[in-house]
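Q: Residue numbers (the numbering used here), protein chains in the order written: chain A, 1 to 245; chain B, 246 to 619. Submitted below is the structure of interest, expressed as structure tokens.
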């Protein structure tokens with residue numbers, strides 16, 4: 001394997017109170033994969049992403065993005081939080097939310113201008129939401145809100161994308177639109193990490209998978225490790241899914 | 246004095262002008278910063294902070310023995326900030342929910358403040374009288390230097406809001422995301438909180454500890470009803486706050502024995518009620534009207550569709566049918582049939598109806614229209 005390493009996690013341990021949520025995670029994610037993180041509720045999937053992104057302080061361990069600490073590589077990384085983590089009744093428009101993706105590259109105080117607006121409009125176009133640009137965000141459907149969040153991350157023009165359950169509560173057409181965009185990102189050499197719930201679609205959507213249940217169970221190419229054995233280890237029951245159909 | 250006399254006096258009477266300017270500026274800063282508090286779901290933070298400011302006033306008096314407003318307000322600022330950051334700490338470090346933390350700090354500080362106030366009142370010192378004005382506020386005691394301080398603080402707050410507009414908006418909408426973009430969320434958070442505390446403190450003399458939170462919340466809550474962009478909301482809230490200040494002062498100046506602070510709060514609350522009922526998009530009234538209208542429209546269209554089904558059984562679509570045939574369908578009345586005739590969907594002839602070509606076309610496209618509307 002001569003693939004470059006995009007993300008390397010060493011000995012990562014996170015606890016909210018006394019109970020560890022993540023225990024001693026070692027993880028190497030090569031560049032250019034489309035990876036699913038799967039595991040039962042409470043397995044620490046979202047926490048893993050948040051700890052990598054520095055939203056949560058880990059108790060121990062380190063994270064490297066292309067060999068450097070995350071703080072130095074921030075501009076290479078984009079994040080799509082869970083749709084339910086924000087208040088969609090916030091007084092703003094779809095375009096304005098997507099513009100937020102440009103704030104990081106602008107830095108403090110500087111205001112977005114025409115260049116940022118153009119980038120935001122392009123991203124809206126990519127997720128097929130251009131006609132909704134002036135729509136108040138509370139008047140968007142769940143799928144449309146998810147597309148807006150994806151567009152906001154696309155504007156960041158990053159190399160690595162982290163997404164927290166982008167398929168939750170969206171309709172089939174949005175799900176297909178999103179996965180097609182993710183596959184395009186992979187084709188362009190980007191690395192995409194997705195917290196995912198639907199085991200049935202793992203082999204179809206992803207080429208890399210990490211099984212997580214507080215500890216890391218396994219990580220690797222879907223065709224090699226997405227099997228009954230790992231599913232049982234992760235979920236505690238014999239979860240029957242068709243491997244490679 | 247009548248209201249018109251008041252507005253005449255506003256330009257000639259020095260005291261009245263000072264007080265009106267003070268309450269207007271107070272309304273503006275509270276409306277502006279209150280919008281942020283409301284959108285952060287920290288509506289009650291203002292209440293806790295204003296109550297937490299009381300012991301600071303008492304302690305400042307006990308230390309200096311003087312009733313200099315600026316020193317008392319400095320005391321209020323310090324204890325307000327201690328209260329605010331104590332609440333923040335409690336929420337992030339313990340299992341307590343924010344409402345519990347707010348309630349605890351509010352009663353703890355207010356209780357302590359009241360205890361100190363009663364202690365001060367028992368002192369054999371002629372100077373102690375009048376500290377209790379900070380409980381309910383007394384706009385009449387505003388002098389030029391107080392108002393100057395208010396204007397300066399409001400100016401600085403405005404500058405900070407303009408400067409950090411992008412960062413404030415980002416944090417208000419999505420805190421975690423703000424962090425991943427590399428912004429120091431703690432700093433932004435502290436900045437917002439600091440200015441909310443500042444706004445509360447400069448309002449204590451006018452509106453008082455007990456009612457101060459209403460000054461923050463009411464203009465923001467009212468403004469939210471009229472707009473869907475943050476900038477307009479903040480601007481409107483400042484406007485409503487300023488108006489409430491001026492009108493409240495006008496009403497209390499023209500009526501005897503009406504204390505200014507509560508009247509300002511009532512005026513602001515009046516704006517809230519009006520906004521919640523009459524706002525065209527979010528208001529209860531128009532929402533209800535829209536709902537009824539939509540229902541009626543849909544009922545009409547359902548009837549049309551039913552007729553379309555019957556008309557289709559004939560070769561001629563405009564073949565007349567008796568009205569009685571509709572009886573097993575619930576959604577029609579004489580009125581709705583007339584309404585359909587007005588729309589030129591059907592022709593009525595005594596006890597019979599027939600579909601027009603326009604009605605036929607309308608019925609054909611009904612489902613498509615309805616779903617496209619979504």
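Virtual Cβ for every residue (Gly too), placed ideally from N, Cα, C.
Residue 174 (chain A) lies in the alpha helix (DSSP H); which residues open and close that run?
A: 172-187 is the span of the alpha helix (DSSP H), which, as asked, contains residue 174 (chain A).
Q: Let me check understanding here. Comparing Cα to Cα, which of A:37, A:183 and A:181 lies closest to residue 217 (chain A)?
A: Comparing Cα-Cα distances from residue 217 (chain A) to each of A:37, A:183 and A:181, the minimum goes to A:37.
Q: Cβ closer than 8 Å: which chain A residues qualify as neighbours of residue 418 (chain B)?
A: The answer, in chain order, is 86, 87, 90, 92, 97 and 100.
Q: Counting only C-beta atoms, is residue 18 (chain A) closer than 9 Å to chain B at any point?
A: Chain B contact via Cβ: absent.
Q: Relative to chain B, which residues along the segment 136-164 of chain A have a C-beta separation below 7 Å, given in chain order?
A: Listed by position along the chain: 136.
Q: Using beta-carbon positions only, say whether residue 278 (chain B) and residue 488 (chain B) come within less than 9 Å of one another.
A: The answer is no: Cβ separation not under 9 Å.
Q: Kindly list, in the order they appear in chain B, the residues whose Cβ is closer than 7 Å to that of residue 103 (chain A).
A: In chain order: 411, 415 and 426.
Q: Measure the CB-CB distance between residue 405 (chain B) and residue 447 (chain B) and report whether it falls below 9 Å.
A: Not in contact: residue 405 (chain B) and residue 447 (chain B) (Cβ atoms no closer than 9 Å).
Q: Going by C-alpha to C-alpha distance, which of B:306, B:283 and B:385 sits closest to residue 503 (chain B)?
A: That would be B:385, whose Cα lies nearest to the Cα of residue 503 (chain B).
Q: Does DSSP classify residue 24 (chain A) as helix, strand or coil?
A: It is a strand residue.
Q: Taking the continuous alpha helix (DSSP H) assigned at residue 518 (chain B), which residues delimit it?
A: Residues 505-523.
Q: CA-CA distance, residue 225 (chain A) and residue 115 (chain A)?
A: Answer to the nearest angstrom: the Cα atoms are 44 Å apart.
Q: Mind checking the segment 32-61 of chain A against chain B and listing, in chain order, the residues whose C-beta falls within less than 8 Å of any C-beta there?
A: Within the segment 32-61 of chain A, the qualifying residues are 50, 53, 54 and 55.
Q: Buried or exposed for residue 92 (chain A), going by 16 or more other Cβ atoms inside 10 Å?
A: The residue is buried, with at least 16 neighbouring Cβ atoms inside 10 Å.
Q: If we cut at 9 Å on Cβ distances, does residue 9 (chain A) have a partner in chain B?
A: Judged by the 9 Å Cβ criterion, residue 9 (chain A) is not in contact with chain B.
Q: Evaluate contact between the segment 99-119 of chain A and the segment 422-439 of chain B, counting only Cβ atoms and requiring at least three cross-stretch pairs below 8 Å.
A: Contact between the segment 99-119 of chain A and the segment 422-439 of chain B is present, because at least three Cβ pairs lie under 8 Å.
Q: Would you mind reading off the limits of the beta strand (DSSP E) that contains residue 598 (chain B)?
A: From DSSP, the beta strand (DSSP E) with residue 598 (chain B) extends over 597-600.
Q: Does the Cβ-Cβ distance between residue 516 (chain B) and residue 565 (chain B) come in under 9 Å?
A: Contact: no.
Q: Shorter than 9 Å from the beta carbon of residue 79 (chain A) to some beta carbon of chain B?
A: Taking Cβ atoms only, chain B reaches closer than 9 Å to residue 79 (chain A), which makes this a yes.
Q: Smallest Cα separation from residue 313 (chain B): which of B:588, B:402, B:390 and B:293?
A: Minimum Cα distance to residue 313 (chain B) is reached at B:390.
Q: Give me the Cα-Cα distance between residue 122 (chain A) and residue 519 (chain B), rounded to the nearest whole angstrom.
A: For residue 122 (chain A) and residue 519 (chain B), the distance between alpha carbons rounds to 41 Å.
Q: Buried or exposed: which applies to residue 412 (chain B), given that a residue is buried once 16 or more other Cβ atoms fall within 10 Å of its Cβ?
A: By the neighbour-count rule (16 or more Cβ atoms within 10 Å), residue 412 (chain B) is buried.
Q: Taking just the CA atoms, how far does residue 301 (chain B) sit from residue 52 (chain A)?
A: Rounded to whole angstroms, residue 52 (chain A) to residue 301 (chain B) spans 43 Å at the Cα level.
Q: Short of 7 Å in beta carbon distance, which residues of its chain neighbour residue 321 (chain B), apart from the five on each side in sequence? Order them along the chain.
A: Here the set comprises 298, 301, 302, 446 and 449.
Q: In chain order, what residues of the same chain have a beta carbon less than 7 Å from the beta carbon of residue 183 (chain A), not counting five sequence neighbours either side?
A: 34.
Q: Please give me, in chain order, every unbroken run of the alpha helix (DSSP H) with length at least 4 that falls completely inside the segment 412-497 of chain B.
A: Correct list: 420-425, 430-448 and 457-469.
Q: Quick one: what's got a C-beta closer than 7 Å to residue 506 (chain B)'s C-beta in the same chain, skipping five residues either side?
A: Same-chain partners within the cutoff: 381, 382, 384, 451, 452, 453 and 456.
Q: Residue 408 (chain B) versus chain A: which residues are under 8 Å apart at the beta carbon?
A: Those within 8 Å of residue 408 (chain B) in chain A are 109.
Q: Compile a chain-ordered list of the residues in the segment 481-512 of chain B whose CB is closer than 9 Å to at least one CB of chain A.
A: Within the segment 481-512 of chain B, no residue has a Cβ that lies closer than 9 Å to any Cβ of chain A.
Q: Tell me where the alpha helix (DSSP H) around residue 331 (chain B) begins and ends.
A: Note, residue 331 (chain B): alpha helix (DSSP H), 314-338.
Q: Using a Cβ-Cβ distance under 9 Å, would residue 335 (chain B) count as near chain A?
A: No, residue 335 (chain B) lies away from the interface with chain A (no Cβ there is under 9 Å from its Cβ).
Q: Give me the Cα-Cα distance between residue 589 (chain B) and residue 537 (chain B), rounded to the nearest whole angstrom.
A: Distance between the alpha carbons of residue 589 (chain B) and residue 537 (chain B): 22 Å.
Q: Residues of the segment 551-571 of chain B in Cβ contact with chain E at a cutoff of 7 Å, in chain order, please.
A: Absent from the structure: chain E. Protein chains present are A and B.
Q: So, is residue 344 (chain B) buried or exposed, given that buried needs 16 or more other C-beta atoms within 10 angstroms?
A: That one is exposed.
Q: From residue 24 (chain A) to residue 485 (chain B), what distance separates their C-alpha atoms?
A: Roughly 55 Å between the two C-alpha positions.
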